[in-house]
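In what follows, a structure is listed as structure tokens, so that the remarks can point back to it.
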Amino acid sequence: MIMRFGRICVLVVLAMALLGSGGVFAASTDTGGPIEKRPEGFDTPELSRSRFLGWIRRDLSRRIPGEETLIKQYLDEWEFQFETLTINNRIFAINIDVDNKYPYDITLLDVDCDGIYETKVEEKPGQQRVDMAIPECVFRVSAEPSR
Ligand SMILES: [Ca+2]
25 MIMRFGRICV LVVLAMALLG SGGVFAASTD TGGPIEKRPE GFDTPELSRS
75 RFLGWIRRDL SRRIPGEETL IKQYLDEWEF QFETLTINNR IFAINIDVDN
125 KYPYDITLLD VDCDGIYETK VEEKPGQQRV DMAIPECVFR VSAEPSR
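As structure tokens, then:
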């Protein structure tokens, strides 16, 4: 089991390295893409019913001094791949693949760290990539004393 898991991790990391960026946080151009807002939040994959594939650290330190983003990749119960993006133990975005091809097609974003993903960015082939800012709240969380 451990051997098999290790191989999956390596494959995932290799795939990410070969294909460059997944998700909207890596490469970017102009804003103004297909961003949809829904105050009550969009549906997110159910982590408890998903299969954990592995994790990677993506160095975003050019954009975030001293911080690394932890990315956990999963297969959901319908075999769609998705990944969660975490800084300071806060998941702030979920990238979802709906066509089994990189890059990820949909990003759900929680812009105020309340656990509700009220922002959806859906990218279609041929469109320019959307560059979303990382929510400020993921950095504030760590500065607050734990209660
Ligand atoms: Ca929110």
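Residues 25 to 171 in our numbering are what the sequence shown spells out, letter by letter. By construction, the Cβ of each residue, glycine as well, lies at the ideal position given by its N, Cα and C atoms. Computed from a prediction, not measured in an experiment: that's the story for all the values here.
Hey, is residue i close to ligand 1, as in C-beta under 7 Å from one of its heavy atoms?
i: Glu142; result: yes
i: Asp134; result: yes
i: Asp138; result: yes
Indicate whether residue i and residue j have their beta-carbon atoms separated by less than 8 Å.
i: Ile59; j: Val145; result: yes
i: Ile95; j: Glu103; result: no
i: Gly65; j: Ile130; result: no
i: Val132; j: Thr68; result: In the sequence as presented, Val is not what sits at residue 132; that position holds Leu. Yes.
Between the Cα of residue i and the Cα atoms of the options, which residue gives the shortest distance?
i: Gln194; options: Arg114, Arg164, Phe66, Trp79; result: Absent from the structure is residue 194, since the part of the chain shown begins at 25 and ends at 171.
i: Cys161; options: Arg82, Glu64, Phe116; result: Phe116
i: Arg82; options: Val154, Gly139, Ile140, Thr110; result: Thr110
i: Ile158; options: Tyr126, Ile118, Gln97; result: Ile118
i: Glu137; options: Tyr98, Glu70, Asn113, Asp67; result: It is worth fixing the name first, because residue 137 is Cys in this sequence and not Glu. Here the closest residue by C-alpha is Asn113.
i: Tyr128; options: Asp67, Val154, Glu64; result: Val154
i: Arg62; options: Met156, Arg164, Phe163, Thr143; result: Thr143
i: Glu70; options: Asp100, Glu92, Thr93, Glu64; result: Asp100
i: Asp134; options: Met156, Tyr98, Gln97; result: Met156
Could you tell me whether the Cβ of residue i comes closer than 8 Å to any Cβ of chain C?
i: Met156; result: Going by chain labels, chain C is absent from the structure shown, which holds only one protein chain.
Legend entry - Segment contact, 8 Å Cβ cut-off, at least three pairs: the stretch 148–155 with the stretch 67–79: Segment contact: the stretch 148–155 against the stretch 67–79, fewer than three CB-CB distances shorter than 8 Å; contact not assigned.
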